[in-house]
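Numbering (my numbering), first residue to last: 71 to 274. Following: one structure in structure tokens, then a few remarks.
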Amino acid sequence: LLAIAEFEHDDPGDTVLVSTLLQRLGEAGVRVAATSNTLPGSLGEGRFAAQDFLREIKKLAAIFEAIRVDGPDYRHRDLPPAPEPTDPARLTERAEHTPGATLDDFDGLLEYLSTLHPSRYKKLLDGVRAVFVSGVHAVEDQAVALRVVVLADRLYDAGIPVTVSGAKLDEIFTEEMLHGGYRKKYLRATSRLLALSRFEVPTA
């Protein structure tokens with residue numbers, strides 16, 4: 071059994087590779103179970119010219135029996151809306167008194183992330199126990215927004231609390247982005263960042 075979480079495809083080349091891989095695994099008797107916010111037949115919609123890869127997408131869809139699980143995001147059941155951003159001076163003070171904390175300016179952080187391959191973001195978090203970010207604001211560029219998504223995923227995987235000043239964490243992605251092809255990625259990232267903002271920050 072091969073279990074895959076967050077099964078998504080943003081790249082046509084990846085779609086062809088994964089389609090071939092899963093087909094070969096199926097022929098070898100391997101069963102595949104996956105979770106995804108996108109139904110198999112809708113993979114790639116709004117992200118690349120999915121109509122040019124219908125054969126691969128149909129192959130992927132044929133592998134799975136879709137079971138829909140609807141309901142509210144469990145991370146936010148019975149929880150209040152996004153917390154208000156922290157006062158900048160208070161943010162700095164908290165970061166200075168939190169062991170293993172990082173304090174970054176949002177624009178500086180985004181600029182630094184642009185110099186690294188997303189596969190290296192996890193390494194950035196080695197030894198980090200809390201993340202503080204000042205001057206958070208809406209991101210206008212989709213490439214930058216997708217880097218934020220990857221960082222949010224790595225932070226969530228590591229369970230690192232996030233505290234910010236500036237805009238709320240549910241205001242990072244624009245309305246246009248939240249209605250585009252990467253909508254589900256942005257909503258998931260927002261959900262994860264909000265969950266991290268409610269984690270308890272370690273104390274000395």
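Just so it is clear, CB atoms sit at the ideal spot from N, CA and C, and this is done for glycine as well.
| Query | Result |
| --- | --- |
| Quick test of your reading: L221 and Y191, contact by CB under 8 Å. State the CB separation rounded to the nearest angstrom. | 5 Å |
| Please report the straight-line C-alpha distance between L130 and E97, rounded to a whole angstrom. | 14 Å |
| Using DSSP with H/G/I as helix, E/B as strand and the rest coil, what is D174? | strand |
| With H, G and I counted as helix, E and B as strand and the rest as coil, what does DSSP make of V234? | strand |
| Can you give me the Cβ contacts of F176 inside the same chain, cut-off strictly under 7 Å, excluding the 5 residues immediately before and after it? | V203, S204, G205, V206, H207, G236 |
| Can you name, in chain order, every residue of its own chain whose Cβ lies under 7 Å from the Cβ of L266, other than the five neighbours on each side? | L225, Y226, I230, P231, V232 |
| Spatial neighbours of V201 within its chain, please: C-beta separation below 6 Å, excluding the five flanking residues on both sides. | T172, I230, V232 |
| Looking at the unbroken beta strand (DSSP E) that takes in A104, where does it start and where does it end? | 102–104 |
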